[in-house]
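Chemist: Every letter in the sequence shown is one number past the one before it in the UniProt record's numbering, and letter 221, counting from 1, is 221.
Here you go, one structure.
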Amino acid sequence: MPSIHIDYSRCVGDGICAEICPLKLYRMEDNKPQLLKGAGAFCIACGHCVAACPKGAIALEGMTPDDCTPVEPGLRISADAAEHFLMRRRSTRAYKPAPVARHVLEEVLDLSRWAPSASNRQPVKWIMFEKPEEVRKVAELVIHWMKDMMAQDMEAAKKQRLPGLVSLFMAGQDMICRGAPHLLLAHAPAGVPFMAQDCTAAITYVELAALAHDLGTCWAGYVTWAANNSAELRTLLELPEEDQVYGAILLGYPKYRYSRIPERFAPSVRWR
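In structure tokens form, the structure reads like this:
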């Protein structure tokens with residue numbers, strides 16, 4: 001874990017670092033922050049102390065104040081703009097065939113680094129299918145797995161509407177990957193607490209970043225389901241044996257634009 005350095009020539013003793021450290025690795029003595037013994041071994045390198053210190057008095061190994069991007073007040077969005085941005089997100093199920101440029105996909109994916117993760121572990125790993133023909137191959141393997149499910153237990157398969165999905169696919173209607181040119185999967189170790197939440201948060205960041213780049217996205221639930229149960233698909237994905245796919249989304253330019261924001265149910269809340 002990183003070493004922590006306090007530049008006392010800059011420190012003004014405001015105690016911000018001691019308050020915001022998630023693990024409380026600082027204590028205030030004589031109006032100056034002091035590190036607990038062995039603090040570096042417990043530091044999760046979240047960088048909150050580096051980011052919050054107004055004087056730039058704290059640095060971590062590999063993360064100095066100069067390494068961090070300054071917060072730009074002029075780039076803050078209004079509450080109204082944020083509200084409209086979030087409300088206009090739609091699940092895109094019709095895509096233009098044109099692929100998205102690699103650098104755009106990279107920019108969108110890069111923003112996932114700032115998604116929250118438990119204890120700042122940042123465990124999410126990605127598989128990006130860049131070629132439409134490879135996305136099609138994934139859809140075909142999902143359908144093949146569904147056929148196996150139908151052969152094993154047709155009644156259970158019917159409850160999941162698998163026969164209809166297979167029939168539509170065979171007739172040329174892809175309900176699995178929707179003809180999207182790109183497919184992104186998030187995977188992380190199976191059976192480890194908070195991996196699902198970490199992956200979901202990271203995918204959501206990608207989804208919103210994609211919207212800012214005028215891209216459409218849609219969660220690919222059947223791909224996720226099959227990826228964790230189909231040996232063929234896991235082989236194609238080259239997944240580590242210890243990993244699980246926690247989510248997948250389709251990506252591409254939307255074929256259609258929406259002119260209105262549809263209504264949704266009000267939140268179901270019990271105030272306590």
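No residue lacks a Cβ here, since even glycine has one placed at the ideal position from N, Cα and C.
Nothing here was measured: the structure is a model prediction, and the numbers come from that model.
Considering only the alpha carbon of each residue, which of Leu183, Gln152, Val269, Trp145 lies closest to Leu165?
Modeler: Leu165 has its Cα closest to that of Trp145, out of Leu183, Gln152, Val269, Trp145.
Chemist: Label Gly172 either buried or exposed according to how many other C-beta atoms from any shown protein chain fall within 10 Å of its C-beta, with 16 as the threshold for buried.
Modeler: Gly172 comes out exposed.
Chemist: Taking Leu237 and Ile127 to be in contact with their CB atoms under 8 Å, please state how far apart those CB atoms are, rounded to whole angstroms.
Modeler: The Cβ separation is near 6 Å, so the contact holds.
Chemist: In chain order, which beta strand (DSSP E) runs of at least 3 residues are fully inside the segment 79-133?
Modeler: The segment 79-133 contains these whole beta strand (DSSP E) runs: 125-129.
Chemist: For Asn31, collect the residues of the same chain with a Cβ closer than 7 Å to its Cβ; drop the 5 residues on either side in sequence, then sort them by chain order.
Modeler: Once the five neighbours on either side are set aside, the close Cβ partners of Asn31 are Gly13.
Chemist: Taking 8 Å as the threshold, find out whether the segment 86-100 comes into contact with the segment 214-224 through three or more Cβ pairs.
Modeler: Yes, they touch.
Chemist: Going by DSSP in three states, Met28 sits in which element: helix, strand or coil?
Modeler: In this structure, Met28 counts as strand in the three-state DSSP scheme.
Chemist: Can you list, in chain order, the residues of its chain with a C-beta nearer than 7 Å to that of Cys199? Leave out the 5 residues immediately preceding and following it.
Modeler: Counting only Cβ-Cβ distances below 7 Å, and skipping sequence neighbours, we find Val124, Ala186, Ala188, Tyr246, Gly247.
Chemist: Trp219 bridges to which residues according to DSSP?
Modeler: DSSP, once it has assigned bridges, lists Ile249 as partnering Trp219.
Chemist: Please tell me whether Cys11 and Pro33 are closer than 9 Å, where the distance is taken between their beta carbons.
Modeler: Yes, the Cβ-Cβ distance between Cys11 and Pro33 is below 9 Å.
Chemist: What is the DSSP secondary structure of Gln173, counted as helix, strand or coil?
Modeler: Gln173 falls in the coil class under three-state DSSP.
Chemist: With H, G and I counted as helix, E and B as strand and the rest as coil, what does DSSP make of Leu185?
Modeler: Strand at Leu185.
Chemist: Could you compute how far the alpha carbon of Val50 sits from the alpha carbon of Ala18?
Modeler: Between Val50 and Ala18, the C-alpha separation is close to 12 Å.
Chemist: Considering only residues of the same chain and omitting the five flanking positions on each side of Ser9, which have a CB-CB separation below 6 Å?
Modeler: None.
Chemist: How should Val71 be labelled, buried or exposed, when 16 other C-beta atoms within 10 angstroms of its C-beta is the threshold for buried?
Modeler: Exposed.
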